[in-house]
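S.K.: One structure follows; several queries about it will come next.
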Amino acid sequence: CVVVGILLTNEILTDCGLASAVARLINEGGASVVTVLPEAGFAFPGPDFVASIQAGEGNFVVNLNGKAPFAEFKATAEELATAYFKVFSILALPYSPRAGAAKIEIEVRELARRVKKLMGDTPAGGAQA
736 CVVVGILLTN EILTDCGLAS AVARLINEGG ASVVTVLPEA GFAFPGPDFV
786 ASIQAGEGNF VVNLNGKAPF AEFKATAEEL ATAYFKVFSI LALPYSPRAG
836 AAKIEIEVRE LARRVKKLMG DTPAGGAQA
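Each residue of the sequence shown is one higher than the last, beginning at 736 in our numbering.
Now the structure itself:
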């Protein structure tokens with residue numbers, strides 16, 4: 736089982752290569768996802784974000800073949816939209832890198848618990864969270 740940890744930063748919404756890699760891991764590799772919100776500054780996209788990707792608009796420019804340019808994994812617009820929908824449908828775990836040690840320990844324990852749970856889920860025997 737592959738678990739992909741995604742730090743929700745504003746760059747994830749604009750880095751086409753990163754988005755394509757995540758899309759392939761989720762859509763073709765069957766990877767489970769854990770999202771982490773490292774600070775409160777992340778602006779979650781609205782419902783139009785996925786629709787704009789499907790239409791080849793917004794932050795991603797999609798060429799005539801429906802492929803994302805400059806992306807090693809070359810995910811299609813539909814693959815990107817599906818992956819982003821999955822990523823933003825998961826409750827992000829908080830992570831406060833500037834907090835005290837006790838709070839960071841609690842947050843890391845919860846992150847480890849979620850990863851362990853996902854690694855115990857298999858396509859044949861369990862559902863992915």
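All C-beta atoms in this analysis are idealised placements derived from N, C-alpha and C, irrespective of residue type, glycine included.
Where DSSP assigns a beta bridge to residue 788, which residues make up the other side?
M.R.: Its beta-bridge partners do not exist; DSSP assigns none.
S.K.: What residues are listed by DSSP as bridge partners for residue 767?
M.R.: 738
S.K.: Residue 743 and residue 773: beta carbons closer than 9 Å?
M.R.: yes
S.K.: Where are the alpha helix (DSSP H) runs, 4 residues long or more, that stay fully inside the segment 809 to 864, in chain order?
M.R.: 812 to 822 and 836 to 855
S.K.: Just verifying my parser: in three-state terms, what is the DSSP assignment at residue 743?
M.R.: coil
S.K.: Residue 777 and residue 819 look like a contact to me (Cβ under 8 Å); what is the Cβ gap, rounded to whole Å?
M.R.: The Cβ separation is near 14 Å, so there is no contact.
S.K.: From residue 780 to residue 822, what does the alpha carbon distance come to, in whole angstroms?
M.R.: 11 Å
S.K.: Check each candidate in 739, 815 and 828 and name the one with the smallest Cα separation from residue 775.
M.R.: Of the candidates 739, 815 and 828, the residue whose Cα lies closest to the Cα of residue 775 is 828.
S.K.: Checking 9 Å against the spacing of the C-beta atoms, do residue 846 and residue 758 come in under that value?
M.R.: no
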